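K.L.:
Below you will find the structure I want to go over with you.
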Amino acid sequence: MIGLCLGLAGVVWAQLPISQFTLAWDHTIEKIRWEEDYRVTKQGLVLKEARIRGNGAGMEVPEDARLENGSWHYQRQLPPLQPLRLGRTPEAGDYQLCINGACNFMSRWVGIPTNSQPFIQMWSCETG
289 MIGLCLGLAG
299 VVWAQLPISQ
309 FTLAWDHTIE
319 KIRWEEDYRV
329 TKQGLVLKEA
339 RIRGNGAGME
349 VPEDARLENG
359 SWHYQRQLPP
369 LQPLRLGRTP
379 EAGDYQLCIN
389 GACNFMSRWV
399 GIPTNSQPFI
409 QMWSCETG
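Residue numbers (the numbering used here): 289 to 416.
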């Protein structure tokens, strides 16, 4: 079964047997929520839709975005991401993984963010 792996440089720290998820975080300066919906495929992580609750530093809403329920919704045409690399430090806070509508901080699976390990990667992998 294809699922989601979390780790770094190909070393798996956690495996989740899921086929889709939402990656969510709050912008470090503006404190505005950002969400991205992904589908897990053999080719990598496919971004389906993104949402942002407003404009801010480095957070311009794309021209084709539509306002719906207080968030700007938009889609980007990207190839599958394999891996998706995320910056993760104590100062920036933690990402949330939302699975079936339940959101948990990434630290649930891989520990708290540290300055000695400022990145994490996510990729599709065989789980089992």
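Each residue gets a CB set at the ideal place from its N, CA and C atoms; glycine is no exception. Since the model is a prediction, treat every value here as computed from it, not as a measurement.
May I have a chain-ordered list of the beta strand (DSSP E) segments no shorter than 3 residues that lie completely inside the stretch 372–409?
P.N.:
Entirely contained in the stretch 372–409, the beta strand (DSSP E) runs reaching 3 residues are, in chain order, 372–375, 384–387 and 390–393.
K.L.:
Could you work out which residue in L294, N403 and I306 is closest to N388 when comparing CA atoms only?
P.N.:
Counted from its first residue, the sequence shown places residue 388 at position 100. Out of L294, N403 and I306, I306 has the C-alpha closest to the C-alpha of N388.
K.L.:
Taking one C-beta from the stretch 366–385 and one from the stretch 395–410 each time, how about it: are there three or more such pairs within less than 8 Å?
P.N.:
Contact between the stretch 366–385 and the stretch 395–410 is present, because at least three Cβ pairs lie under 8 Å.
K.L.:
Report the option in R376, V328 and A390 whose CA atom is closest to the CA atom of G399.
P.N.:
For the purposes of this step, residue 399 is identified with residue 111 of the sequence shown, where counting begins at 1. Comparing Cα positions, the closest option is R376.
K.L.:
Taking S359 as the reference, give the member of G342, L292, G332 and M394 with the closest Cα.
P.N.:
Counting from one through the sequence shown, the residue named residue 359 turns up at place 71. Out of G342, L292, G332 and M394, G342 has the C-alpha closest to the C-alpha of S359.
K.L.:
At which residue ranges does the stretch 315–377 contain complete beta strand (DSSP E) runs of 3 or more residues, listed in the order of the chain?
P.N.:
With a minimum length of 3 residues, the continuous beta strand (DSSP E) runs that stay inside the stretch 315–377 are 321–329, 332–340, 354–356, 359–362 and 372–375.
K.L.:
Does the Cβ-Cβ distance between H361 and E324 come in under 8 Å?
P.N.:
As a first step, residue 361 is located in the sequence shown; it is residue number 73 there, counting from the start. As a first step, residue 324 is located in the sequence shown; it is residue number 36 there, counting from the start. No, the Cβ-Cβ distance between H361 and E324 is not below 8 Å.
K.L.:
Whole-angstrom Cβ separation of T329 and I290, contact assumed at under 8 Å?
P.N.:
Position 41 of the sequence shown, counting from 1, holds the residue named residue 329. Position 2 of the sequence shown, counting from 1, holds the residue named residue 290. 7 Å between Cβ atoms; contact.
K.L.:
Just how far apart, CA to CA, sit Q303 and L311?
P.N.:
Residue mapping note: residue 303 aligns to position 15 of the sequence shown, counting from 1. Residue mapping note: residue 311 aligns to position 23 of the sequence shown, counting from 1. When rounded, the distance between both Cα atoms is 15 Å.
K.L.:
Where does A297 sit, in a helix, a strand or coil, going by DSSP?
P.N.:
Numbered from its first residue, the sequence shown carries residue 297 at position 9. Three-state result, A297: coil.
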